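Visitor: If you read the sequences in order, they're chains A and B. In short: position in the first sequence from 1, add 6, done, that's this note's numbering. In short: position in the second sequence from 1, add 6, done, that's this note's numbering. Handing you a structure now.
Protein chains: 2
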Amino acid sequence: MNTDAQLETDLRAEGVRVTRQRLAILHVLRSAADHPRAEDILARAKEQDPSVSQATVYRTLAMLEKAGTVLKNEFDGAGARYELAGGAHHDHLIDLDTGEVIEFHSQKIERLQAEIAAELGYDIEWHRLELYGRRPKAR
Amino acid sequence: MNTDAQLETDLRAEGVRVTRQRLAILHVLRSAADHPRAEDILARAKEQDPSVSQATVYRTLAMLEKAGTVLKNEFDGAGARYELAGGAHHDHLIDLDTGEVIEFHSQKIERLQAEIAAELGYDIEWHRLELYGRRPKAR
DNA sequence: ATGATAATGAGAACGATTTGCGAAAAGTCA
DNA sequence: TGACTTTTCGCAAATCGTTCTCATTATCAT
C-alpha cells in the first residue's frame with residue numbers, strides 16, 4: 007500500500023521538491039475511490055490547501071505520470087481521468103449511464119494482444135482497452 | 007464496396023441535402039487509404055472543391071458519424087482520425103514511430119470482452135482496443 | 001538564516017472542435 | 001423555370017481542456 011508518507015519519500019527520491027501543493031494532490035489521488043478528472047482533483051486539493059492552482063494540478067499530474075506514479079486515462083467524452091499507479095495492470099469498463107469506472111484484468115486478452123501484434127510484426131509498447139456498457143435494466 | 011454514387015444515394019436516404027461540399031468530403035473518405043484527421047480531410051476536399059470550409063468538414067463528419075457512415079477514432083495525440091464505416095468491425099494497432107494505423111480483428115478477443123462484461127453485470131455498447139507498438143529494429 | 005534554483009498562481013495562449021449568424025444553395029411545387 | 005421554404009454554408013467568434021509565460025514565492029542544501 008502507498009501511505010502519504012511513502013509517496014512523499016518517493017517524491018524526494020525523484021529529486022523533486024516536496025511542496026504543500028504536491029502533497030495535497032497526492033493525498034487526493036491516494037484517497038480517491040474513483041477516477042477523478044483534473045477539475046475534480048483541483049477542487050478536492052483546494053479543500054486541503056486553497057492555494058493549489060489549476061496550473062499546478064496539471065503540472066503535477068504530468069510529472070507524476072512521467073514518473074510512473076499516476077496513470078492518465080483518456081476515456082471518451084471530456085477530459086482525462088487519473089488514478090494512482092502502483093497496483094497491477096488493469097483495463098477499464100465505463101458505465102455509460104453513471105460514468106463509473108470499473109477495473110478488470112484478463113490474462114487471456116493480454117496474451118492474445120501480444121500474439122496479434124507479433125503476427126503483424128510489432129512489439130506492443132502499451133495498449134488501451136476500454137469497454138463502454140450499461141447495466142441491463144431490471145425488468 | 008461503396009461507390010461515390012452509392013454514398014450519395016445513402017445521403018439522400020438519410021433525408022439530408024446532397025451538396026458539393028458533402029460529396030467532396032465523402033469522396034476524400036472513400037479514396038483515403040489511411041485514417042486522416044479533420045485537417046487532412048479539409049485539405050484534400052479543398053483540392054476537389056476549394057469552397058469547403060473547416061466548419062463544414064466538422065459538421066459533415068459529425069453527421070456522418072451519427073448516421074453510422076464514418077467512424078471517429080480518438081487515438082492518443084492530437085486530433086481524431088476518421089475512416090469510412092461499412093467494412094467489418096476491427097480494432098487498431100498504431101505504429102508509434104510512423105503513426106501508421108493497422109487494422110486487425112480477433113473473434114477471440116471480442117468474445118472474451120463480452121464474457122468479462124457479462125460477469126461484471128454489463129452489456130457492452132461499444133469498445134475500444136488500441137495497441138501501440140513499434141516494429142522491432144532489424145539487428 | 002541565506003542564497004541558488006525550482007515551483008507556484010494568475011491569467012493569457014493554445015489547438016481542436018463547436019457554434020451563431022446572415023448569406024447562399026438545395027429541394028419543392030406550380 | 002421561377003418563387004418559396006428550409007437546409008447548409010462560410011466566416012468569425014466562442015468553448016473546452018490543457019499548456020505556457022512570467023513575476024513572485026517557497027524549498028532545501030549550505
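Cβ atoms here follow ideal geometry from the backbone N, Cα and C, with glycine treated the same way. Small disclaimer: the values here were computed from a predicted structure and weren't measured.
Please report the straight-line C-alpha distance between A/Leu29 and A/Asp55, rounded to a whole angstrom.
Guide: 10 Å
Visitor: With a threshold of 16 other CB atoms inside 10 Å of the CB of A/Ile95, please say whether the residue is buried or exposed.
Guide: What sits at residue 95 of chain A in the sequence shown is His, not Ile. Classification of A/His95: exposed, given that the 10 Å Cβ count is below 16.
Visitor: Using the three-state DSSP reduction, which class does A/Leu126 fall into: helix, strand or coil?
Guide: coil
Visitor: May I have a chain-ordered list of the alpha helix (DSSP H) segments no shorter than 4 residues that lie completely inside the stretch 40-124 of chain B?
Guide: 44-54, 60-72
Visitor: Could you tell me if A/His41 is buried or exposed, where buried requires 16 or more neighbouring beta carbons within 10 angstroms of its beta carbon?
Guide: buried
Visitor: With burial defined as no fewer than 16 other Cβ atoms inside 10 Å of the residue's Cβ, what is the status of B/Arg18: buried or exposed?
Guide: exposed
Visitor: Are the C-beta atoms of A/Leu70 and some chain B residue less than 9 Å apart?
Guide: no
Visitor: Here's a check: name, in chain order, each residue in its chain whose Cβ is nearer than 7 Å to the Cβ of B/His111, leaving out the five neighbours to either side.
Guide: Hits under 7 Å: Ala94, His95, His96, Asp97.
Visitor: Buried or exposed for A/Gly139, going by 16 or more other Cβ atoms inside 10 Å?
Guide: So A/Gly139 ends up on the buried side.
Visitor: For A/Tyr64, I'd like the list of residues in its chain whose CB is within less than 8 Å of its CB, leaving aside the five on either flank, ordered along the chain.
Guide: Ala44
Visitor: Taking only beta-carbon atoms, is B/Ala123 less than 9 Å away from chain A?
Guide: Interface residue (Cβ-Cβ distance to chain A less than 9 Å): B/Ala123 is classified as such.
Visitor: For A/Arg50 and A/Glu80, what's the separation of their Cα atoms in angstroms?
Guide: 20 Å
Visitor: Round the Cβ separation of B/Val76 and B/Ala91 to the nearest angstrom and send it over; I've been treating them as touching at under 8 Å.
Guide: 6 Å
Visitor: According to DSSP, is B/Arg140 helix, strand or coil?
Guide: It is a strand residue.
Visitor: Quick one: residues in its chain with C-beta nearer than 7 Å to the C-beta of A/Leu99, no 5 flanking neighbours on either side, listed in chain order?
Guide: Ile108, Phe110, Leu137, Gly139
Visitor: Quick check on DSSP: helix, strand or coil for A/Arg23?
Guide: Reduced to three states, the DSSP call for A/Arg23 is coil.
Visitor: Quick one: Cα of A/Gly21 to Cα of A/Val58, how far?
Guide: 21 Å
Visitor: Along chain A, which residues have their Cβ under 9 Å away from the Cβ of B/Glu80?
Guide: Glu80, Asp82
Visitor: Which whole-angstrom value is the C-beta distance of B/Leu135 and A/Leu135, which I expect to be below 8 Å?
Guide: 5 Å
Visitor: Decide if B/Thr66 is buried, meaning its Cβ has at least 16 other Cβ atoms within 10 Å, or exposed.
Guide: buried
Visitor: Among A/Ala11, A/Arg36, A/Glu131, which has the Cα closest to the Cα of A/Val5?
Guide: Any answer about residue 5 of chain A is impossible in this case: the structure gives chain A only from 7 up to 145.
Visitor: Just checking: is the beta-carbon of B/Ser112 within a distance shorter than 9 Å of some beta-carbon in chain A?
Guide: yes
Visitor: Please list, in chain order, all residues of the same chain as A/Ala86 whose beta carbon is under 6 Å from its beta carbon, the five residues on each side excluded.
Guide: Lys78, Glu80
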